[in-house]
Every structure is written in structure tokens, then in C-alpha cells.
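Participant: My questions all concern the structure below.
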Amino acid sequence: MKKYYPMLDLATVNAPWMHELQAAAARVIVSGRYVGGEEVEAFERELAAALGAAHAVGVSNGLDALRLIVRAAVELGRMSPGDEIIVPANSFVASALAVSDCGLIPKFVEPSPATHNIDPQRARQAVGPRTRAIMPVHLYGRVAPCAEFRDLGLMIIEDCAQALGASTPGGMAGALGDAAGISFYPTKNVGALGDAGAVVTSDSVLADTVKALRNYGSDRQYHNIYAGLNCRLDAIQAAMLRVKLTWLRQVNDARRAVAAAYDRCIDNPLVVKPAHPQYAESHVWHQYVVRVADRNGFRRFLADRGVETAVHYPTPIHRQPCYERLFGTQSLPVSETLAAEVVSLPVSSCTAVSDAEEISAIINSWRR
Ligand SMILES: *Cc1c(COP(=O)(O)O)cnc(C)c1O
């Protein structure tokens, strides 16, 4: 029988923690507290400590985390609808949705083709009189430049959905700017068993504002200082995440081993491997992304040999139909080229290094 190499098999990913997850779920069931409460507060403390930030606020998902940061900044008078936030054009659409949902304008900037992260020079050039913030996205798990924007006087909002656990000499991803949005969607490096997210910040005023906004805008019961939302975190997801957070280093190290195998073994002039980061710790390999000019031919060749692949992402954000009217005429050739050439290979905490070696051998046998 032909071997099959899946991109990601979530049941297998979570299997090692079956008993711990069951025990944590049972704890929540008997507690009788299912939304917010002690379980969520404990998770918030543990997450903040893991990232070296003062506060973590558990919320419903990663998009809401980013959206609540922008909304809180608006409520605090730090920015207003109509202002701009710089966003890389080659991210997942949620990065921009968080901005436009609050009535602000995403200002799309090209990535550096080597890192796929926002190009610092182009980002600086994009700053205008109404620019209030920049949103570096740690795409594919590689830490994006943040420190380089500190002198611009802009709020730095990290989209840390893909890079939990990545670290730099200057601190952990999620604690490199003014606030970070984190996603615990099941496919992320640390995934809940459903939707979940968090805002991480060392700004106490911002943290309190996000806490109020996630709970209808109330600072105390039946007293609403903001016209808020319901973006709370379920206790059962917090309990699942408390288990999985303790394995953060191990799951990321497993991904690093798979990436190292691809780096070592892939040797095909038609396949461009990711550039090496300056610090190995600053990449957690949410995706291992290669570039191939004949992407369709490459993917078909791999699929015929049992290797599943994916494309993150086929359409740059400014080309999405929802933004067509606003940005459809904008030309961002770097983002458009990357969108046409990127291919993600299987990588997860339960991808075997030997599988990465076998996949590499298949890749090396591909000719146009
Ligand atoms: C997953 C993801 C999000 C959104 O997180 P959800 O929890 O799915 O809402 C935002 N930005 C990036 C870069 C992501 O990968």
C-alpha cells in the first residue's frame, strides 16, 4: 500500500495528551463554571508568564484578539476610525479584518521575499500622517521585525497567531510590541479543541479595556462603560490549553527537527527552501514553505506519491473580493508572486523526521 503523508492529523497531534485532557475537561465539568472564571484566570497567568508579559486576556479566537486590541486603542483615544494600520499584504486575511472591522484602514505593505515577513524599509516608507499602528505578522512561525519600528511612534500590534513560543534575544514573540493577538485555533502550534485566542500585553490600561470589551464592555456587572462585545474564552478551552501550554517547547522542538530534516535533505534547484533565521529559536515552523515556479505541477507530482501539501495563501489580502473596491487597483508584485509560488509541506509535532526525509527524496526526484 502506498504511504500517505498528511499535512496535519489533529487527532494524532492531541493523542499524547488524551488522559491529561480528559482529566482537565472533567475538572471543568464538575466546577460548574463554563465561561471565564478561575480556569481562564489561571490560563491567563500561565500564558503571560510563558511569554514574559504582564497580562494575558483570554478571548474567543485570534481574530477577536486582534480586533479587541484595535477596538481598545480606539476606545482609549489612541486611534480613530479612518486612521491607518500598516499590515503585510501576504498574511492570512484576519490580520486586515481586525483593522477594517474597527473602521480603520489596512495599509498593505510588501514582505521581504527572503523571510516572507513585512519589509522594514517599505513599512517605514508607508507611514503617513494618519498611520497610528503597524501589525507585524510572524508569518509561518518566523519572528517578524518589531524593534525596528519602535522609533516611529506607532503602536506595534503583533499578529502572533503562528509563532507562539518563538523567541529572540529581545524577548518572546507576543511580547515584542505593545500588544499581541494570539490564536489557539486547533491547527496552530498550540491548539485548543475548538476556537480560542488571547491578547497579550504589558500595558495594564489596554489589558483592562480589552477585558471590559470582551464582556459586553462592562467594568462591573450590569455597568457598561463601552458598547462592547461577547468575545469570552470558554473554561473548557482554557483547561485544554493549560495542558498543552506545558508542552510548548517540546512541540516546537519537534517542528524544528522536521524543518531541519527538510533543510538538510531537500536538494532540487527548482525548489527554493526557506532562508535561515538569524536565531534558530526565532522560528517555530508553523509552516515549512518552499517556493516553486510550476506550483501546480509540483503539487500534483507530490499528491500522486501520497504527499499532501497546502498553499498559505493563494490570494494576497488586497486581492480578496471583500477588499476589491478599496484596494483592487493596488499593485503589490512581491506579494502577488509569493502567492503564486508558495507551497507548504507537512510539518507538525507528530510528523516523523524519517517522513520529512522520505518527502525530501520525493521532492528531489521531481523534474519539470
Ligand atoms: C489563524 C490566524 C489568525 C486568526 O486566528 P483565529 O483564531 O482563526 O481567528 C490571524 N492571523 C494569522 C496570521 C493566523 O494564522
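Per this note's numbering, the sequence shown starts with residue 156, numbered consecutively. Beta carbons: idealized from backbone N, C-alpha and C, even for Gly.
1) Should isoleucine 421 be labelled buried (16 or more other beta-carbon atoms within 10 Å of its own) or exposed?
2) Just to confirm, does aspartate 333 get its C-beta within under 7 Å of one of the non-hydrogen atoms of ligand 1?
3) Would you identify the three-state DSSP class for glutamate 313, choosing helix, strand or coil?
4) Who are the near neighbours of histidine 431 in its chain, counting only those whose CB is closer than 8 Å to its CB and skipping five residues on each side?
5) Is the distance from the Cβ of histidine 315 to the Cβ of alanine 302 below 8 Å?
6) Considering only the alpha carbon of each residue, which of Val502, Tyr478 and Ser520 lies closest to phenylalanine 456?
7) Less than 8 Å separating the beta-carbons of arginine 397 and alanine 179?
8) Taking 7 Å as the cut-off, is the CB of tyrosine 443 close to at least one heavy atom of ligand 1?
9) Go through the segment 230-317 residue by residue and report every complete run of the alpha helix (DSSP H) that reaches 4 residues or more, in order.
10) Measuring CA to CA, which of Glu239, Gln392 and His210 is closest to leucine 176?
11) Under 8 Å between the Cβ atoms of serine 437 and valine 282?
12) Taking the alpha carbon of alanine 495 as the reference point, which residue from Thr484, Phe453 and Pro501 has its own alpha carbon closest?
13) Among Cys505, Gly320 and Arg277, which has the Cα closest to the Cα of valine 489?
14) In three-state DSSP terms, what is alanine 465?
15) By how many angstroms is the C-alpha of arginine 188 removed from the C-alpha of valine 212?
16) Please indicate yes or no: does the CB of leucine 218 lie closer than 7 Å to some heavy atom of ligand 1?
17) Along the chain, where does the alpha helix (DSSP H) that runs through threonine 492 open and close?
Facilitator: Straight from the coordinates:
1) Along the sequence shown, read from residue 1 onward, the residue named residue 421 stands at position 266. By the neighbour-count rule (16 or more Cβ atoms within 10 Å), isoleucine 421 is buried.
2) Translated into positions along the sequence shown, residue 333 becomes position 178. Flag unset: Cβ of aspartate 333 not near ligand 1.
3) What you label residue 313 is simply residue 158 of the sequence shown in a count that begins at 1. It is a strand residue.
4) For the purposes of this step, residue 431 is taken as the residue at position 276 of the sequence shown. Excluding residues up to 5 positions away in sequence, Asp418 lie with their Cβ nearer than 8 Å to the Cβ of histidine 431 in the same chain.
5) Taking the sequence shown and counting its residues from 1, the one referred to as residue 315 is at position 160. Taking the sequence shown and counting its residues from 1, the one referred to as residue 302 is at position 147. First, the amino acid is wrong: residue 315 is cysteine here, not histidine. No. Outside cutoff.
6) Here residue 456 is taken as the residue at index 301 of the sequence shown, counted from 1. Among Val502, Tyr478 and Ser520, the Cα nearest to that of phenylalanine 456 is on Ser520.
7) The residue given as residue 397 occupies position 242 in the sequence shown. The residue given as residue 179 occupies position 24 in the sequence shown. The Cβ atoms of arginine 397 and alanine 179 lie closer than 8 Å to each other.
8) Here residue 443 refers to the residue found at position 288 of the sequence shown. No, since every heavy atom of ligand 1 falls outside the 7 Å radius drawn around the Cβ of tyrosine 443.
9) 249-255 and 275-280, all fully within the segment 230-317.
10) By one-based count along the sequence shown, residue 176 stands at place 21. Comparing Cα positions, the closest option is Gln392.
11) The residue given as residue 437 occupies position 282 in the sequence shown. The residue given as residue 282 occupies position 127 in the sequence shown. No, the pair does not count as a contact, with Cβ atoms beyond the cut-off.
12) Taking the first residue of the sequence shown as 1, we reach residue 495 at position 340. Scanning Thr484, Phe453 and Pro501 for the CA closest to the CA of alanine 495 turns up Phe453.
13) The count along the sequence shown starts at 1 and reaches residue 489 at position 334. The shortest CA-to-CA distance from valine 489 to any of Cys505, Gly320 and Arg277 is the one to Arg277.
14) Walking along the sequence shown from the start, residue 465 turns up at place 310. Reduced to three states, the DSSP call for alanine 465 is strand.
15) Taking the first residue of the sequence shown as position 1, residue 212 is located at position 57. Taking the first residue of the sequence shown as position 1, residue 188 is located at position 33. Whole-angstrom Cα-Cα distance: 17 Å.
16) The residue given as residue 218 occupies position 63 in the sequence shown. Relative to ligand 1, the nearest heavy atom lies less than 7 Å away from the CB of leucine 218.
17) Position 337 of the sequence shown, counted from the start, is the residue given in the question as residue 492. 488-496 is the extent of the alpha helix (DSSP H) around threonine 492.
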